[in-house]
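To start, the structure under review is shown below, and the notes come after it.
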Amino acid sequence: MKALNAIAALTIMAISSATMAEGGADRVYGRMIQANEQAIQEYAATNGKNRPEVVHYRYGMKFDIAKVVANTPTGSSCGVMPAQMTYEDSNGNLSILEYRVTGTGCRNQN
16 MKALNAIAAL TIMAISSATM AEGGADRVYG RMIQANEQAI QEYAATNGKN RPEVVHYRYG
76 MKFDIAKVVA NTPTGSSCGV MPAQMTYEDS NGNLSILEYR VTGTGCRNQN
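The opening position of the sequence shown corresponds to residue 16 in the numbering used here, with each subsequent residue numbered one higher.
See the structure below:
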């Protein structure tokens with residue numbers, strides 16, 4: 016009976032941790048992206064720039080990056096996650112590039 020209870024407890028813990036890992040990370044990334052976009056909108060308003068649009072990265076895109084304004088942090092995760100880079104082009108226009116990146120928060124992994 017004790018073995019059955021232990022197996023049930025481990026199964027419940029594994030299911031709940033998998034659920035939290037998947038759903039929890041998505042919520043964290045969503046809040047991170049929203050916070051970045053809000054900060055950039057405030058930056059644009061303060062500096063008299065147009066509100067930037069989010070552009071999703073496609074392989075082979077050409078960029079005109081004169082100044083990187085902000086990047087979302089990637090140290091909180093070890094897996095693939097969404098990230099944003101906000102930049103000004105040579106004309107001073109703001110853009111937000113959204114792309115996928117592997118997090119740099121991996122420990123003891125090759």
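Just so it is clear, CB atoms sit at the ideal spot from N, CA and C, and this is done for glycine as well.
Since the structure is predicted, the reported quantities are computational estimates derived from the model, not experimental observations.
Within 7 angstroms: the Cβ of residue i and any heavy atom of the ligand ZN?
i    : result
R115 : With respect to the ligand ZN, the structure offers nothing, as it holds no ligand at all.
If you follow the beta strand (DSSP E) that residue i is part of, which residue opens it and which one closes it?
i    : result
Y74  : Unbroken run through Y74: none, as it is neither H nor E.
R115 : L109 to T117
K82  : K82 to N86
T101 : V95 to E103
Just how far apart, CA to CA, sit residue i and residue j?
i    : j    : result
N5   : M100 : Here the chain covers residues 16 to 125 and nothing more, so residue 5 does not appear.
E37  : Y72  : Any answer about E37 is weak, because its pLDDT of 49 lies below 50 and its placement is not dependable; what the coordinates show is given next. Their Cα atoms are separated by approximately 23 angstroms.
S105 : F78  : 10 angstroms
T61  : L109 : 13 angstroms
P67  : E113 : 12 angstroms
Please name the residue, chosen from the options, that lies closest to residue i on a Cα-to-Cα basis.
i    : options            : result
A81  : E103, C121 and G75 : E103
I111 : Q49, G90 and Y74   : Q49
Whole-angstrom Cβ separation of residue i and residue j, contact assumed at under 8 angstroms?
i    : j   : result
R115 : P88 : R115 to P88, Cβ: 15 angstroms. No contact.
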